[in-house]
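The next block holds one structure in the form of structure tokens; read it before the comments.
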Amino acid sequence: MPVHPLLQHLKNHIQLTEAEEQIIIDHLTPRTFKRGAFLTKEGEVNRYTHYIVSGSARVYYIDQTGQEHVIQLGIADCGIRDFSSFIRKTKGILYTEALEKTEVLSFSYDQLQEVYRLVPGMERFFRLLIQKAYAAFQRRVLESLSMDAEERYLAFRGLYPDMDQHLPQKHIASYLGMSAEFLSKIKKRVVEKQRSKPEILHKFSNE
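Going by the numbering used here, the sequence shown opens with residue 12, and the numbers climb by one from there.
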């Protein structure tokens, strides 16, 4: 499994020497999951943080009525994990599922701590990653409070165009807090509007 996509991703944020790159490679665990396989389940301690090389995955929880709620989606060049369980080493309440054959590069908690010690820049990278994740979470909360369903979809599409094209509609709908049928209606309405006002999408892009 190639590791250069992850190394390039890291080098977009931090400087790495060749020796440091090799340390990172030596501590990575390549893993492959079939469609429908679980990276983690409710009740398990999430012992790995994953970088998706190819494929896609979702993180979700199941409420008391049996309803699934997607809280994170990931495709190639994305990280995916149950942050709370991974950092606190406690049993998680989330499921992480491969949506197709998915190849990942994984650090265990102990491997990551060792990499922090040997490659100081990696600690900075993960600090930035956590800050970015918190900012995304805050944005999502604000969107749910201040935007209607169509605006939430347009914001998602503007930020994550590859996900919008690649992932199953039902999972995107769950992430946005609506039914797949309602999302389908919104997408049709957006297409109709764009025929007359093509600038509608740009309003929500790269905010």
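Glycine is no exception: its CB is placed at the ideal position from the N, C-alpha and C atoms.
Determine the burial state of residue i: buried for a count of at least 16 other Cβ atoms within 10 Å of its Cβ, exposed for fewer.
i      : result
Ser96  : buried
Tyr145 : exposed
Gln83  : buried
Val64  : buried
Asn23  : exposed
Leu153 : exposed
Ile237 : Since the first and last residues shown for the chain are 12 and 218, residue 237 lies out of range.
Ala191 : exposed
Glu31  : buried
Glu203 : exposed
Asp11  : As displayed, the chain neither begins before 12 nor continues past 218, which places residue 11 out of reach and without an answer.
Ser207 : exposed
Arg138 : exposed
Gly77  : exposed
Asn217 : For Asn217, the pLDDT reaches just 49, beneath the cut-off of 50, and the residue's location in the model is therefore unreliable, although a value from the coordinates is still provided. When all chains shown are included, Asn217 counts as exposed.
Arg69  : buried
Ala166 : buried
Ile98  : exposed
Ile36  : exposed
Arg92  : buried
Give me the DSSP bridge partner(s) of residue i.
i      : result
Gly85  : Ala68
Leu116 : Pro41 and Tyr62
Gly90  : Tyr62
Glu79  : Ile73
Val56  : Lys102
Thr51  : Thr107
So, for residue i: in the same chain, excluding its five sequence neighbours on each side, which residues have a beta-carbon less than 6 Å away from its beta-carbon?
i      : result
Thr43  : Glu114
Leu39  : Leu116
Arg168 : Asp175
Ala48  : Ala109
Arg163 : Glu154 and Leu187
For the putative contact between residue i and residue j, defined by C-beta atoms under 8 Å, what is the C-beta separation to the nearest angstrom?
i      : j      : result
Thr60  : Leu105 : Incorrect: roughly 14 Å between the Cβ atoms, too far for contact.
Thr51  : Gly103 : 6 Å
Val130 : Phe118 : Not a contact, Cβ separation roughly 12 Å.
His157 : Gln180 : It is worth fixing the name first, because residue 157 is Ser in this sequence and not His. About 24 Å; that fails the 8 Å criterion.
Leu17  : Phe136 : Not quite, the Cβ-Cβ distance comes to about 11 Å (not below 8 Å), so this is no contact.
Please return the same chain residues whose Cβ sits closer than 8 Å to the Cβ of residue i, not counting the five positions on each side in sequence.
i      : result
Ile73  : Glu53, Glu79, His80 and Tyr106
Tyr171 : Leu84
Gln26  : Gly132
Ile141 : Phe94
Gln149 : none
Looking only at its chain, what residues have a beta carbon closer than 7 Å to the beta carbon of residue i, apart from the 5 residues adjacent to it on each side?
i      : result
Ser67  : Gly85, Ile86, Leu110, Glu111, Thr113, His177 and Leu178
Met189 : Ala160
Thr101 : Val56
Lys45  : Ala109 and Lys112
Ile197 : Ala160, Glu161 and Tyr164
Val14  : Ile36, Leu39 and Leu116
Cβ of residue i versus every heavy atom of the ligand SAH: is any distance shorter than 6 Å?
i      : result
Glu154 : In the structure shown, the ligand SAH is absent, as is every other ligand, since no ligand is present at all.
If you measure from the beta carbon of residue i to each beta carbon in chain C, is any gap under 7 Å?
i     : result
Glu31 : Of the protein chains in this structure there is only one, and it is not chain C.
Within the segment 91-171, ranges of the alpha helix (DSSP H) (whole runs, at least 4 residues):
94-99, 120-129, 131-157 and 160-170
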